[in-house]
Amino acid sequence: MLDSSATTQQKVLQRAVIGVVFVGLAISVLFLPPYVQVAIPIAVVAVFAFPSHPAWLVVGVITLRIIVDLAWMMPPVFGLNAMEVYSGGVAALAGLMCLIFLNKVQGHPFVLPFLLFVLAVFLSALQDMDIRFTSANVAKYISPILVMFLVSTLFEQHHRRIIINIILLLAIVPILFGFLHLATGQMQEMWLDGYFRLRGGYHNIHNAAHTMAFFFCLSLFVAATRTSKKEIAAILAFGGLCFILMFLTYVRTPMLGIAAFIPVFLLVERRWGLLALSVGAGLMAFAYNSTVAERFGDVFLFFSSAQPDQMGQLGSGRIGVWLDSLEDFVRYPMFSLLFGVGMRGPLILGQEGLDSHNDYLLLLYTFGPIGVMTHLLFQVHVFFNCLWLRRHSIDPWVYHFANFNIALGVMVIVTNIVSSSYVTRINIAVFFWSLGGMVYGCVLDEKRRLFKERSEGRVASPTGDPR
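For the sequence shown, our numbering begins at 3 and goes up steadily by one.
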């Protein structure tokens with residue numbers, strides 16, 4: 003239940019926003035594209051639902067991202083594409099909701115690192131004069147973390163479980179788009195680095211690959227929570243479709259991420275037989291599949307190559323990009339070394355128009371060491387929360403969810419290191435940090451349960467694997 007002051011604030015906010023929305027709707031008939039005119043009434047409904055159902059509004063915001071990614075062909079609004087409009091709207095809405103529910107958010111352990119991150123973003127933004135570019139990037143970097151705060155404080159148990167199912171259900175849309183484009187010959191139209199590639203309904207092939215990889219990993223978690231063999235088989239078949247679409251992009255980074263996710267997930271799940279089978283299957287694929295061997299060969303060369311002059315060519319030249327950009331970065335003044343070189347800085351390090359192909363280097367160049375440390379601190383905190391849940395939860399779903407987030411965290415670190423992934427790509431960043439928020443929400447639920455048991459004089463429930 004919301005307290006009276008929060009309810010009063012929401013009513014005032016509701017009336018003000020409704021007035022603005024209706025005025026905007028009248029004007030939009032003449033000046034805005036049709037899809038924006040449709041979006042504004044949806045916003046009106048959201049405003050009406052906000053006071054009594056704030057958590058469901060957040061559920062809608064998160065799941066809507068799946069559809070927004072497929073709307074890249076929509077005409078821009080005031081120079082902003084659909085993804086930028088979404089990021090800006092989410093940042094504004096999430097920031098507003100965090101202020102309204104400040105009494106709940108302010109006790110969150112992420113508040114201090116988040117404020118440090120906001121400070122780093124602000125100092126970086128001051129170094130760029132392009133207001134549109136800077137504003138879009140500020141929203142991109144901040145909105146996923148704001149959503150995490152809302153998820154961790156507003157979601158109850160049923161919200162967490164329902165949103166997982168909704169995300170997996172809505173994944174049907176990009177899957178259908180992907181196989182439709184495959185059937186109509188899209189792969190024959192895109193030739194890149196020796197491969198015909200499929201990007202499905204996405205504008206960017208890397209977004210397509212990372213999103214399908216995330217859906218695949220999510221399907222493994224959902225399958226782990228089921229007991230019916232028919233349900234497990236259906237979910238794994240669904241995940242297999244995601245894997246096929248991801249593989250046909252021939253993007254190496256999500257493949258490497260999945261190669262890290264599967265063994266870690268099976269390890270923490272204690273599925274020893276499946277772990278041995280997956281490792282054996284991976285080695286067989288590397289030995290007998292030329293595509294897999296070519297895409298992952300550089301990983302082995304990185305650890306075995308004795309020629310320093312060859313290192314810069316590994317990973318499609320990534321090692322060389324990292325080294326060149328680091329050499330350029332250390333030549334900047336001390337202020338830039340501490341607080342970054344601005345939003346556009348990473349685009350000119352190494353050479354004109356070249357980014358770092360590494361999300362942690364991107365954070366370092368854009369926001370300085372604070373940006374890297376705060377992001378890693380967020381991830382470390384989620385990791386330790388997952389370990390705590392493994393020891394204390396009596397709910398099998400929560401146990402599997404903690405294991406899933408441990409494996410996903412490893413995957414995110416791997417993919418962030420080797421390319422632009424869960425920092426740069428807002429679509430999967432929203433999903434990842436929402437899951438992190440749900441982990442913290444599960445911790446709060448379990449602590450309340452333990453406190454209740456102890457206050458009633460009962461022995462706390464057994465800890466460990468609840469299966």
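Glycine is no exception: its CB is placed at the ideal position from the N, C-alpha and C atoms. It should be emphasised that the depicted structure is a prediction, and the values quoted were computed from it without experimental measurement.
Helix or strand or just coil, what does DSSP make of residue 193?
By 1-based counting over the sequence shown, the position of residue 193 is 191. The answer is strand: DSSP assigns residue 193 an E or B state.
Considering Cα atoms alone, identify which of 222, 115, 226, 165 is closest to residue 244.
Counted from its first residue, the sequence shown places residue 244 at position 242. It is 222 whose Cα lies nearest to the Cα of residue 244.
Please tell me whether residue 205 and residue 430 are closer than 8 Å, where the distance is taken between their beta carbons.
Here residue 205 is taken as the residue at index 203 of the sequence shown, counted from 1. Here residue 430 is taken as the residue at index 428 of the sequence shown, counted from 1. In this structure, residue 430 does not lie closer than 8 Å to residue 205 by Cβ.
Does the beta-carbon distance from residue 376 to residue 115 come in below 8 Å?
On the sequence shown, residue 376 is found 374 positions in, with the first residue counted as 1. On the sequence shown, residue 115 is found 113 positions in, with the first residue counted as 1. The answer is yes: Cβ separation under 8 Å.
Just the Cα atoms here: how many angstroms apart are residue 258 and residue 420?
The sequence position of residue 258 within the sequence shown is 256, counting from 1. The sequence position of residue 420 within the sequence shown is 418, counting from 1. So the alpha carbons of these two residues sit roughly 9 Å apart.
Could you give the DSSP three-state label for residue 380: helix, strand or coil?
For the purposes of this step, residue 380 is taken as residue 378 along the sequence shown, with counting starting at 1. The answer is helix: DSSP assigns residue 380 an H, G or I state.
Which residues in the same chain have their Cβ closer than 7 Å to the Cβ of residue 310, if we skip the five residues on either side of it in sequence?
Translated into positions along the sequence shown, residue 310 becomes position 308. Only weak support exists for where residue 310 lies, its pLDDT of 45 falling under 50; the coordinates are left without a value.
Would you kindly report the start and end of the unbroken alpha helix (DSSP H) that includes residue 159?
The residue labelled residue 159 in the question sits at position 157 within the sequence shown. Its alpha helix (DSSP H) spans residues 159 to 172.
Run through DSSP, which three-state label would residue 277 get?
Here residue 277 is taken as the residue at index 275 of the sequence shown, counted from 1. Residue state, collapsed to three classes: helix.
For residue 64 and residue 436, which I take to be in contact (beta-carbon distance under 8 Å), what is that distance rounded to the nearest angstrom?
As a position in the sequence shown, residue 64 is number 62, starting the count at 1. As a position in the sequence shown, residue 436 is number 434, starting the count at 1. Right, their Cβ atoms sit about 5 Å apart.
Below 8 Å on the Cβ atoms is my contact criterion, and I expect residue 210 with residue 251 to pass it. Report the Cβ-Cβ distance as a whole number of Å.
The sequence position of residue 210 within the sequence shown is 208, counting from 1. The sequence position of residue 251 within the sequence shown is 249, counting from 1. Their Cβ separation, rounded to whole angstroms, is 6 Å, which keeps residue 210 and residue 251 in contact under 8 Å.
What would DSSP say about residue 117, mapped onto helix, strand or coil?
Translated into positions along the sequence shown, residue 117 becomes position 115. If DSSP states are grouped into helix, strand and coil, residue 117 belongs with the helices.
Would you kindly work out how many angstroms separate the C-alpha atoms of residue 354 and residue 85, rounded to a whole number?
On the sequence shown, position 352 is the one that residue 354 refers to. On the sequence shown, position 83 is the one that residue 85 refers to. Residue placement at residue 354 is flagged as unreliable, the pLDDT there being 48, under the threshold of 50; the coordinate-derived value follows with that caveat. Cα to Cα, residue 354 sits roughly 25 Å from residue 85.
Less than 8 Å separating the beta-carbons of residue 169 and residue 247?
Mapped onto the sequence shown, residue 169 falls at position 167. Mapped onto the sequence shown, residue 247 falls at position 245. Not closer than 8 Å, so no.
Under a three-way DSSP split, which group does residue 355 fall into?
For the purposes of this step, residue 355 is taken as the residue at position 353 of the sequence shown. In this predicted model, residue 355 has a pLDDT of only 48, less than 50, meaning its place in the structure is not dependable enough to derive any value.
Tell me whether residue 359 is buried or exposed, calling it buried when 16 or more other Cβ atoms sit within 10 Å of its Cβ.
Taking the first residue of the sequence shown as position 1, residue 359 is located at position 357. Burial call: buried.
Below 7 Å CB to CB, which residues in the same chain sit around residue 282 once its five sequence neighbours on both sides are set aside?
Taking the sequence shown and counting its residues from 1, one reaches residue 282 at position 280. Sequence-distant Cβ neighbours of residue 282 in its own chain, meaning closer than 7 Å and more than five residues away, do not exist here.
Specify the secondary structure class of residue 66 as computed by DSSP and reduced to three states.
By 1-based counting over the sequence shown, the position of residue 66 is 64. It is helical.
With a threshold of 7 Å on Cβ separation, who are the neighbours of residue 157 within its own chain once the five nearest residues in sequence on each side are excluded?
The residue you call residue 157 lines up with position 155 of the sequence shown. Excluding the 5 residues flanking it on each side, residue 157 has same chain C-beta neighbours closer than 7 Å at 57, 440, 443, in chain order.
Spell out the partners DSSP gives residue 135 in its beta bridges.
If you number the sequence shown from 1, residue 135 lands on position 133. Bridge partners of residue 135: none, in fact.
Of the residues 363, 344, 342, which one's Cα is nearest the Cα of residue 325?
The residue you call residue 325 lines up with position 323 of the sequence shown. Comparing Cα positions, the closest option is 363.
Under a Cβ-count criterion, where at least 16 other Cβ atoms within 10 Å of its own Cβ denotes burial, should residue 139 be classed as buried or exposed?
To locate residue 139, count along the sequence shown from 1; it is residue 137. Looking at its Cβ environment, which holds 16 or more other Cβ atoms inside 10 Å, residue 139 is buried.
Any contact between the stretch 88 to 103 and the stretch 189 to 209? By contact I mean 3 or more CB pairs, one from each, below 8 Å.
no
Just to confirm my understanding: we take residue 405, look at its own chain, exclude 5 residues before and 5 after, and list those with CB closer than 6 Å. What are they?
As a position in the sequence shown, residue 405 is number 403, starting the count at 1. Excluding residues within five positions, the ones whose Cβ falls inside 6 Å are 270, 271.
Does the beta-carbon of residue 132 have 16 or more other beta-carbons within 10 angstroms, so that it is buried, or is it exposed?
On the sequence shown, residue 132 is found 130 positions in, with the first residue counted as 1. Burial call: exposed.
Roughly how many angstroms lie between the CA atoms of residue 104 and residue 457, to the nearest whole one?
Translated into the one-based positions of the sequence shown, residue 104 becomes position 102. Translated into the one-based positions of the sequence shown, residue 457 becomes position 455. For residue 104 and residue 457, the distance between alpha carbons rounds to 28 Å.
I'd like to check one pair, residue 123 with residue 147: are the Cβ atoms closer than 8 Å?
Position 145 of the sequence shown, counting from 1, holds the residue named residue 147. Position 121 of the sequence shown, counting from 1, holds the residue named residue 123. Going by C-beta atoms, residue 147 is not nearer than 8 Å to residue 123.
Could you check what DSSP says for residue 433 in three-state terms: helix, strand or coil?
Residue 433 sits at position 431 when you count from the first residue of the sequence shown. It is helical.
Checking 8 Å against the spacing of the C-beta atoms, do residue 200 and residue 180 come in under that value?
Residue numbering aside, residue 200 sits at position 198 when the sequence shown is read from its first letter. Residue numbering aside, residue 180 sits at position 178 when the sequence shown is read from its first letter. Cβ distance < 8 Å, so residue 200 and residue 180 count as in contact.
Reducing DSSP to helix, strand and coil, say where residue 82 ends up.
Residue 82 sits at position 80 when you count from the first residue of the sequence shown. DSSP places residue 82 in the strand class (E or B) of the three-state scheme.
If you draw a straight line from the alpha carbon of residue 237 to that of residue 121, how long is it in whole angstroms?
Locating residue 237 in the sequence shown gives position 235, where the first residue counts as 1. Locating residue 121 in the sequence shown gives position 119, where the first residue counts as 1. Near 43 Å, if we compare the C-alpha coordinates of residue 121 and residue 237.
May I ask which residues mark the beginning and end of the alpha helix (DSSP H) holding residue 257?
Here residue 257 corresponds to residue number 255 of the sequence shown, with the count starting at 1. Per DSSP, residue 257 belongs to the alpha helix (DSSP H) from 254 to 271.
Starting from the Cα of residue 433, find the closest Cα among 398, 178, 129, 173 and give me that residue.
Counting from one through the sequence shown, the residue named residue 433 turns up at place 431. Among 398, 178, 129, 173, the Cα nearest to that of residue 433 belongs to 173.
What is the DSSP secondary structure of residue 112, reduced to helix, strand or coil?
Residue numbering aside, residue 112 sits at position 110 when the sequence shown is read from its first letter. Coil.
Measuring straight from C-alpha to C-alpha, what distance separates residue 62 and residue 95?
Numbered from 1 along the sequence shown, position 60 holds the residue referred to as residue 62. Numbered from 1 along the sequence shown, position 93 holds the residue referred to as residue 95. Each residue's Cα considered, the two are about 12 Å apart.
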